[in-house]
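Participant: Okay, here's the structure, questions in a sec.
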């Protein structure tokens with residue numbers, strides 16, 4: 001107990017998340033022991049990939065402060081996947097599919113960045129607007145129908161498994177998180193992001209290019225959402241216009257659970273990674289227990305509210 | 001001292017923004033009337049007005065929230081929950097008085113929940129209400145048990161379709177809600193406090209304004225208005241479907257922003273919101289009639305939000321605006 005009290009910051013977050021995760025796993029073990037096998041692990045990691053990529057972008061945008069938030073991530077995932085698959089139908093060489101998907105995401109994200117930076121719109125209202133534009137366009141262009149035509153080699157990657165670990169998770173999610181962690185911990189860019197999140201005014205005064213960093217982070221969040229769209233294409237074998245549904249809520253919950261403070265400047269990506277695994281384990285567990293999927297969005301929403309309130313309470317408790 | 005100047009405005013005070021909205025409404029009507037033969041009929045005009053009732057009431061509450069620097073993205077589903085409660089009362093053959101009261105009551109209760117999370121818990125309004133949106137959506141599914149609440153008795157319908165002295169009841173209710181909100185906003189300390197909080201919460205707190213109380217009350221008022229909207233919804237459609245209210249919050253935010261209420265707080269226009277609601281519904285109805293699939297509606301609304309805010313941001317930087325600000 002004493003040791004637990006000495007923990008703080010990222011270590012405390014990680015310890016709490018591991019505790020919660022153990023509770024979920026033990027609960028699942030008691031209720032339905034038959035789910036414990038390598039297949040379940042693979043499924044969880046498979047489902048985690050999309051949320052991990054989107055949650056990473058969301059986390060970085062929030063970390064950089066300035067009331068930063070990206071509510072459009074779900075729409076970006078859907079729309080970039082739809083743009084990629086439709087441009088394939090219009091004669092794009094299949095080799096370029098991944099490039100187009102990620103690039104489309106980056107451009108959609110950059111548009112958010114321009115709205116926030118150049119026009120000085122509040123991030124939540126700008127990205128709320130683009131969320132409806134992006135997700136609405138994805139639905140309206142396709143009429144709501146899934147678009148087939150993903151090349152076979154992409155499916156090979158999307159559905160491939162190495163030692164129980166899905167290939168997209170191994171080759172995309174893990175490297176992205178490792179890179180982001182490295183950049184945050186040991187480069188000037190990482191320091192800049194923390195500095196502008198903690199106090200934007202003084203960050204500007206010491207000469208950090210705040211606007212450029214912010215624009216790049218919004219574009220990066222878009223690019224990661226585009227990558228998530230690519231994963232969904234490669235895994236499901238079709239472009240679904242509603243694949244990004246509820247991702248804005250889930251990615252926010254992952255970022256907040258992962259210890260990133262909503263006002264920015266504090267937190268890390270390791271916590272987000274752990275939080276994504278926790279969330280997806282929970283969702284998979286509910287699915288295995290035959291609980292209707294409509295409960296998922298409510299539980300994720302309740303978790304978001306709970307973690308925000310707990311954060312406030314712990315601040316009051318400490319002071 | 002923008003807030004103080006607004007204090008002197010009349011019940012219906014038209015400035016540039018409201019006039020241009022009115023012109024935009026008329027222009028849209030003319031364009032759609034030319035484009036579609038089905039547009040300029042009295043039946044369609046009634047449809048547009050009828051479809052605006054809920055949004056007008058919810059928009060009034062959203063105006064207060066945005067002017068205060070808050071927001072509530074769960075408000076559409078709150079209406080859904082209130083509608084379910086009304087439906088249950090009606091289905092149980094309850095008396096009409098109870099059916100009339102239960103909507104605002106549930107709205108006020110859920111407003112308290114939102115306020116408890118956002119105001120007392122000091123959580124950013126957008127994140128807190130997004131979380132609650134998830135919870136409420138599950139609640140709607142669970143309460144409806146996977147099927148529509150349909151074929152409700154016409155108790156409320158007969159009550160609310162009546163007219164007093166030739167004026168339909170919905171128009172009366174909306175007019176009195178408008179008047180009540182306008183009075184609170186422009187003739188009581190509450191209104192001044194609200195706008196001051198919108199300008200700067202920190203400064204408002206330091207000057208002794210009861211920030212927590214004002215913010216809490218505003219969420220409850222928005223909830224009550226949403227509950228009244230739910231009553232009209234049930235009275236009109238006599239059923240509650242799964243997707244009830246899913247785009248209402250977006251529409252309300254768009255209407256309020258169109259109306260010239262600043263999301264940075266400190267400036268708001270109730271008349272602007274009313275005209276914003278009408279313009280939005282005229283556009284949605286007109287686009288549908290000229291053959292644009294309804295799937296495009298959220299796209300149009302989103303573009304309107306970003307377009308209006310972007311236009312304001314750019315025009316604020318023009319030399320004329322700078323000159324006017326310097327003079328003020």
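Chains as they are written, first to last, in my numbering: chain H, 1 to 319; chain B, 1 to 328. Glycine is no exception: its CB is placed at the ideal position from the N, C-alpha and C atoms.
1. Does DSSP classify residue 15 of chain B as helix, strand or coil?
2. Short of 7 Å in beta carbon distance, which residues of its chain neighbour residue 251 of chain H, apart from the five on each side in sequence? Order them along the chain.
3. Please tell me whether residue 123 of chain B has its Cβ less than 8 Å away from any Cβ of chain H.
4. Against chain H, does residue 141 of chain B count as a neighbour if the rule is that its beta carbon must be under 8 Å from one of theirs?
5. Quick check: the Cα distance between residue 122 of chain B and residue 14 of chain B, rounded to an integer number of angstroms?
6. Taking beta-carbon pairs under 8 Å, can you tell me which members of the segment 112-128 of chain H lie near chain B?
7. Mapping DSSP to helix, strand and coil, what is residue 197 of chain H?
8. Please go through the segment 96-179 of chain H and give each complete alpha helix (DSSP H) segment of 4 or more residues, from N-terminal end onward.
9. When the Cα atoms are used, what is the spatial distance from residue 254 of chain B to residue 291 of chain B?
10. Residue 330 of chain B by DSSP, collapsed to three states: which one?
11. Measuring CA to CA, which of B:240, B:268, B:249 is closest to residue 194 of chain B?
12. Here's a check: name, in chain order, each residue in its chain whose Cβ is nearer than 7 Å to the Cβ of residue 283 of chain B, leaving out the five neighbours to either side.
13. Taking 8 Å as the threshold (beta carbon to beta carbon), is residue 255 of chain H in contact with chain B?
14. Taking the alpha carbon of residue 287 of chain H as the point to measure from, which residue in H:159, H:43, H:213 has its own alpha carbon closest?
15. Give a yes or no on whether the C-beta atoms belonging to residue 106 of chain H and residue 83 of chain H are separated by under 8 Å.
16. Residues of the segment 258-279 of chain B with a CB closer than 8 Å to any CB of chain H: list them in chain order, please.
17. Using the DSSP secondary-structure output, state which residues sit across from residue 168 of chain B in a beta bridge.
18. Using CA coordinates, which residue listed in H:259, H:257, H:226 is at the minimum distance from residue 243 of chain H?
19. Using CA atoms only, rank isn't needed, just tell me which of B:95, B:220, B:278 is closest to residue 50 of chain B.
20. State yes or no: is the C-beta of residue 128 of chain B within less than 8 Å of the C-beta of residue 308 of chain H?
21. Which residues in chain H have a C-beta closer than 8 Å to the C-beta of residue 250 of chain B? List them in chain order.
22. How would you label residue 2 of chain H, buried or exposed, when you count the other beta carbons within 10 angstroms and need 16 or more for buried?
23. So if DSSP puts residue 240 of chain B in a beta bridge, which residue, or which two residues, is it bridged to?
24. For chain H, check one thing: does any of its Cβ atoms lie closer than 8 Å to the Cβ of residue 1 of chain B?
25. Exposed or buried, residue 301 of chain H, counting other C-beta atoms within 10 Å across all chains shown (16 or more means buried)?
26. Quick check: is any heavy atom of the ligand NAD less than 7 Å from the C-beta of residue 261 of chain B?
27. To the nearest angstrom, report how far apart residue 104 of chain B and residue 228 of chain B are at their CA atoms.
28. So which of H:129, H:187, H:294 has the shortest CA-CA distance to residue 112 of chain H?
29. Work out the CA separation of residue 170 of chain B and residue 232 of chain B for me, nearest whole Å.
30. When you compare only the Cα positions, how much space is there between residue 53 of chain B and residue 297 of chain H?
31. Beta-carbon within less than 6 Å of residue 183 of chain H's beta-carbon, same chain only, minus the 5 sequence neighbours each way: which residues are those?
32. DSSP beta-bridge partners for residue 239 of chain H?
33. Which runs of the beta strand (DSSP E) fall wholly inside the segment 50-85 of chain H and span at least 3 residues, in chain order?
34. Using a Cβ-Cβ distance cut-off of 8 Å, determine whether residue 13 of chain H contacts chain B.
35. Tell me the rounded alpha-carbon separation between residue 4 of chain H and residue 98 of chain H.
36. Reducing DSSP to helix, strand and coil, say where residue 293 of chain H ends up.
Facilitator: From the atom records:
1. Looking at residue 15 of chain B - three-state DSSP - the assignment turns out to be coil, as it is neither helix nor strand.
2. Beyond the five residues adjoining it in sequence on each side, residue 251 of chain H comes within less than 7 Å, by CB distance, of 51, 54, 55, 58, 73 in the same chain, given in chain order.
3. Look at residue 123 of chain B: its C-beta is under 8 Å from a C-beta on chain H.
4. Chain H, which has a Cβ nearer than 8 Å to the Cβ of residue 141 of chain B, makes this yes.
5. For residue 122 of chain B and residue 14 of chain B, the distance between alpha carbons rounds to 36 Å.
6. Listed in chain order, the positions of the segment 112-128 of chain H with a beta carbon within less than 8 Å of a beta carbon of chain B are 115, 119, 120, 121, 122, 124, 125, 126, 128.
7. Correct three-state label for residue 197 of chain H: helix.
8. Segments of the alpha helix (DSSP H) lying fully in the segment 96-179 of chain H: 97-117, 123-142, 152-158.
9. Cα to Cα, residue 254 of chain B sits roughly 23 Å from residue 291 of chain B.
10. Within the shown structure, residues of chain B are numbered from 1 to 328, placing residue 330 of chain B beyond reach of any answer.
11. The shortest Cα separation from residue 194 of chain B among B:240, B:268, B:249 belongs to B:268.
12. If we look at residue 283 of chain B and ignore the five residues flanking it on each side, its Cβ neighbours are 28, 300.
13. False, the Cβ-Cβ gap to chain B never drops below 8 Å.
14. Ranked by how close their Cα comes to the Cα of residue 287 of chain H, the residues H:159, H:43, H:213 have H:43 in first place.
15. No, the pair does not count as a contact, with Cβ atoms beyond the cut-off.
16. Answer in chain order: 263, 264.
17. B:163, per the DSSP bridge assignment.
18. Nearest to residue 243 of chain H by C-alpha distance, out of H:259, H:257, H:226, is H:226.
19. Of the residues B:95, B:220, B:278, the one whose Cα lies closest to the Cα of residue 50 of chain B is B:278.
20. Cβ atoms of residue 128 of chain B and residue 308 of chain H: closer than 8 Å.
21. Ordered by position in chain H, the residues that pass the 8 Å Cβ test against residue 250 of chain B are 128, 132.
22. For residue 2 of chain H, the predicted structure reports a pLDDT of 45, less than 50, and the residue's modelled location is therefore unreliable. A value from the coordinates is still provided. Classification of residue 2 of chain H: exposed, given that the 10 Å Cβ count is below 16.
23. Note: residue 240 of chain B is bridge-paired with B:149 in the DSSP secondary-structure output.
24. Only weak support exists for where residue 1 of chain B lies, its pLDDT of 44 falling under 50; the value from the coordinates is given anyway. No, because no Cβ of chain H sits closer than 8 Å to the Cβ of residue 1 of chain B.
25. A residue is called buried once 16 or more other Cβ atoms fall within 10 Å of its Cβ, and residue 301 of chain H is buried on that count.
26. No copy of the ligand NAD occurs in the structure displayed, which carries no ligand at all.
27. The alpha-carbon atoms of residue 104 of chain B and residue 228 of chain B are separated by roughly 5 Å.
28. That would be H:129, whose Cα lies nearest to the Cα of residue 112 of chain H.
29. Separation of residue 232 of chain B and residue 170 of chain B (C-alpha to C-alpha, rounded to the nearest whole angstrom) is 8 Å.
30. So the alpha carbons of these two residues sit roughly 29 Å apart.
31. Cβ contact annotation for residue 183 of chain H (same chain, cutoff 6 Å, sequence separation greater than five): 189, 190, in chain order.
32. BP columns for residue 239 of chain H point to H:147.
33. None, since the segment 50-85 of chain H contains no complete beta strand (DSSP E) of that length.
34. Not one chain B Cβ lies under 8 Å of residue 13 of chain H.
35. Since pLDDT at residue 4 of chain H reaches only 47, below the 50 mark, its modelled position is unreliable, and the value read off the structure follows with that caveat. A straight line joining the alpha-carbon of residue 4 of chain H with that of residue 98 of chain H spans about 44 Å.
36. Correct three-state label for residue 293 of chain H: coil.
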